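>
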Amino acid sequence: MFKKILIANRGEIACRVIKTARRMGIATVAVYSDVDARAPFVRMADEAVHIGPAPAAESYLIADKIIAACKQTGAEAVHPGYGFLSERTSFAEALAKENIAFIGPPVNAIAAMGDKIESKKLAREAGVNVVPGFVGEIEDTEHAVRISNEIGYPVMMKASAGGGGKGMRLAYTETDVREGFESVKREGLNSFGDDRVFIEKFILNPRHIEIQILGDQHGNILYLNERECSIQRRHQKVVEEAPSPFVTPKMRKAMGEQCVALARAVGYYSAGTVELIVSGADPSGESFYFLEMNTRLQVEHPVTEAITGIDLVEQMIRVAAGEKLSITQDEVKIDGWAIENRVYAEDPYRGFLPSTGRLVRYQPPVEPWADDGTENGRRGVAGIRVDDGVFEGGEVSMFYDPMIAKLVTWGATRDEAADLQVQALDAFRIEGLGHNVDFLSAIMQHPRFRSGELTTGFIAEEYPEGFHGAAASGELLRGLAAIGGVIATADADRARRIDQQLDGTMLPPGDWVVRIGDTDYAVSLEEEAITVDGEPVALSMEYTPGDAMVDVELGGDEEVAGEALTLQLARTRAGYAITTRGATHQLRVLPARIAHLAEHMIEKIPPDLSKLLICPMPGLLVKLHVGEGEEVQPGQPLATVEAMKMENILRAEKQATVAKINAAEGDSLAVDAVILELE
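Per numbering that gives the first Met the number 0, residue 0 is the first one in the sequence shown, and the count goes up by one each step.
This is the structure we're talking about:
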């Protein structure tokens with residue numbers, strides 16, 4: 000077994016590998032860029048080596064610096080995590096030349112499966128179903144248009160070396176192909192150093208299901224069941240679960256055996272994932288097609304660990320050291336259900352725009368996951384596991400992926416795991432930047448999610464007008480109104496105790512009018528009861544003025560427990576903002592005796608911003624599509640801004656003329672910077 004390994008990665012996956020290596024008695028080495036000098040993974044490792052500036056192209060993507068760090072520290076092996084150099088054949092070859100073990104698959108398997116074009120050819124030759132498409136070299140945009148017309152719309156354009164949702168565009172028309180082809184090429188070149196693109200038929204009502212593969216260097220290859228990853232946004236996975244609510248034992252066996260055969264054809268060992276696209280319209284599950292094979296550890300590997308009890312990172316290390324797998328296919332089990340949500344630094348209330356910045360508050364619902372080596376340990380604390388690589392006061396940098404943490408829950412059933420997600424998300428406190436916690440909670444509560452009727456179009460179909468918070472029941476809103484009254488009374492009671500007030504000592508108000516949205520609720524607090532609009536509300540809570548998080552039991556009685564809620568509170572000018580169950584509710588709370596006077600307040604009218612093209616996120620202005628004096632039409636591209644390695648096209652909302660351009664291509668833009676003015 001290795002005595003020391005280097006982790007050629009950062010963030011949560013570096014922390015994840017370090018924890019398992021530590022349990023195995025293996026020393027670890029971290030490498031870090033300038034902005035990661037204070038990151039948790041650097042402090043956790045036994046040694047750390049600085050490898051360059053913040054941009055990945057100048058640090059984490061330079062193989063020579065990684066190898067130099069190995070030599071400097073005496074590391075015998077390298078775990079690449081995911082992303083960066085994890086699927087770069089040249090990196091694995093360079094390590095081999097220096098007699099440094101690569102904790103991953105053999106070079107020939109990375110080459111065969113890592114290239115989307117070549118892997119499809121190999122899969123087809125091996126008799127594996129592949130999606131109809133063109134897998135040769137595409138000369139230019141006109142060639143791409145001809146190919147797309149022949150395949151039939153819709154089509155998907157993908158960067159050959161792409162991954163992580165980058166370098167992908169869905170085209171429903173010839174116009175979409177003309178507009179998106181060059182953008183896909185640029186994203187492929189900028190993110191992966193390869194501008195080759197392939198085009199394939201887009202399967203309608205598709206489900207994204209993947210099979211986890213694990214093999215050793217002695218010819219043993221297993222499939223560790225499937226994961227469902229259908230809930231995606233911009234082709235980036237948001238929710239993953241294991242097993243899939245769609246897959247039957249018969250389907251699982253057929254998919255697993257076919258994926259093992261494909262892995263065996265390229266002499267695969269270590270952990271890997273075969274991604275399949277499955278037609279949700281075919282309940283037989285026979286309509287599944289090979290998409291690609293990821294020759295590395297997946298972001299969502301914890302859900303597989305939770306239901307099988309197998310530590311994938313440990314197995315990767317043991318396989319790289321030459322050990323045989325200690326389990327057989329018959330011993331691979333499915334115990335319970337696991338769901339993973341990716342907590343991102345992005346604002347769903349503003350179209351999911353990246354939201355980089357400082358984590359002013361960061362308090363996960365449980366302590367970050369610690370690897371104790373037990374099966375239950377892999378399920379976290381009471382079924383809640385947080386894998387992260389950030390800390391309170393640290394920054395989520397614009398240079399890397401915006402993921403803050405992975406929240407994994409395990410339950411005996413799918414509903415139990417989802418309920419635990421809602422509970423944990425309520426208690427996940429993040430301040431200082433936008434995040435998607437409310438959105439994730441809304442998905443977990445959504446009737447369609449609970450039914451298991453998933454497709455990769457779930458988010459676009461269920462939130463066509465964007466996300467505005469999870470829907471709240473009338474009962475919950477009445478409960479929140481009562482809570483607002485209780486909190487306001489407690490705060491007023493604290494305020495009346497201040498000495499030397501002009502009116503002397505006064506009793507706090509007990510009658511309030513609480514407005515939530517457009518509805519006013521009359522809340523009355525009495526000695527033995529709380530009423531809302533004259534109806535009693537059962538409520539149990541402990542609140543001390545200034546508390547930012549409160550546990551509440553709403554409803555119920557002596558025999559039946561009520562609904563347990565965790566509330567996050569913030570004072571506002573006229574009341575409170577209460578966040579729970581996937582939405583932030585603004586409560587205007589006024590004493591009943593003066594509430595009617597609010598009708599006489601002058602309404603504040605927001606300024607007209609329709610004449611300005613405002614940068615919605617921090618990013619790089621890649622391209623200006625118009626010039627001063629040019630007339631533009633609704634939907635016409637005005638500018639392209641790159642953020643988090645993704646290109647975002649900003650379009651005209653109405654017919655207008657470009658009056659003034661305030662930025663130039665290549666400029667770094669702050670959020671809300673005015674790119675151009677219209678008239």
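For every residue, glycine included, the Cβ atom is placed at its ideal position computed from N, Cα and C.
As the structure is a computational prediction, the values presented were derived from the model and not from experiment.
State the beta-bridge partners of residue 445 as determined by DSSP.
DSSP, once it has assigned bridges, lists no residue as partnering residue 445.
> Please find out if some non-hydrogen atom of the ligand MG comes closer than 7 Å to the beta-carbon of residue 518.
As far as ligands go, the structure on display features none, and thus does not contain the ligand MG.
> Pick out the complete alpha helix (DSSP H) segments inside the stretch 80-105, 4 residues or longer, and give them in chain order.
88-96
> Round the Cβ separation of residue 104 and residue 356 to the nearest angstrom and send it over; I've been treating them as touching at under 8 Å.
With 8 Å as the limit, residue 104 and residue 356 do not qualify as a contact, their Cβ atoms being about 37 Å apart.
> Thinking C-beta only, is residue 538 closer than 8 Å to residue 625?
The answer is no: Cβ separation not under 8 Å.
> Can the beta-carbon of residue 101 be found closer than 8 Å to that of residue 319?
yes
> Grab me the residues of residue 382's own chain with a C-beta within less than 7 Å of its C-beta, minus the 5 sequence neighbours each way, in chain order.
408, 409, 410 and 419
> Between 523, 12 and 517, which lies nearest to residue 684 when the distance is taken from Cα to Cα?
An answer regarding residue 684 cannot be provided, because it is not within the stretch 0 to 678 covered by the chain.
> Where does the unbroken beta strand (DSSP E) through residue 660 begin, and where does it stop?
For residue 660, the uninterrupted beta strand (DSSP E) run begins and ends at 655-660, by DSSP.
> So what does DSSP say about residue 142, is it helix, strand or coil?
helix
> Are the beta-carbon atoms of residue 358 and residue 429 separated by less than 8 Å?
yes
> So, at 7 Å on beta carbons, what are the nonlocal neighbours of residue 263 in its own chain, with the 5 sequence-adjacent residues on each side left out?
220
> So what's residue 592 in DSSP terms, helix, strand or just coil?
coil
> What's the C-alpha gap between residue 113 and residue 274?
12 Å
> For residue 72, I'd like the list of residues in its chain whose CB is within less than 8 Å of its CB, leaving aside the five on either flank, ordered along the chain.
3, 5, 28, 46 and 48
> Provide the residue span of the alpha helix (DSSP H) that contains residue 633, from first to last.
Neither: residue 633 is in no alpha helix (DSSP H) and is coded neither H nor E.
> So does the stretch 368-378 actually touch the stretch 300-319, counting three or more Cβ pairs closer than 8 Å?
yes
> What separation, rounded to the nearest whole angstrom, lies between the Cα atoms of residue 229 and residue 487?
Distance between the alpha carbons of residue 229 and residue 487 is about 43 Å.
> At the level of alpha carbons, what is the spacing between residue 1 and residue 648?
48 Å
> Run through DSSP, which three-state label would residue 266 get?
In this structure, DSSP gives residue 266 a state outside helix and strand, which the three-state scheme calls coil.
> Residue 384: which of 416, 399, 396 and 390 sits nearest, CA to CA?
416
> With three or more beta-carbon pairs closer than 8 Å as the criterion, would you say the stretch 320-329 touches the stretch 143-162?
no
> Quick one: complete alpha helix (DSSP H) runs, 4+ long, within the stretch 377-418?
Assignment of alpha helix (DSSP H) within the stretch 377-418, counting only whole runs of 4 or more residues, yields no such run.
> Going by alpha carbons, who is nearest to residue 205 out of 58, 675, 657 and 282?
282
> Over the uninterrupted beta strand (DSSP E) stretch that includes residue 300, give me the two end residues.
Unbroken run through residue 300 is the alpha helix (DSSP H), 300-307; no beta strand (DSSP E).
> Per DSSP, what kind of secondary structure is residue 238 in: helix, strand or coil?
strand
> Drop a sphere of 10 angstroms on the beta-carbon of residue 400, count the other beta-carbons inside from all chains shown, and report buried for 16 or more, exposed for fewer.
buried
> Who does residue 576 pair with in a DSSP beta bridge?
569 and 585
> Pick from 636, 366 and 171: whose alpha carbon is nearest that of residue 651?
636
> Roughly how many angstroms separate the alpha carbons of residue 517 and residue 673, rounded to a whole number?
Taking C-alpha positions only, residue 517 is separated from residue 673 by approximately 33 Å.
> DSSP beta-bridge partners for residue 15?
Assignment of beta-bridge partners to residue 15 by DSSP yields no partner.
> Quick check: what's the CA-CA separation for residue 454 versus residue 425?
26 Å
> Where does the unbroken beta strand (DSSP E) through residue 360 begin, and where does it stop?
Residue 360 -> beta strand (DSSP E) spans 360-362.
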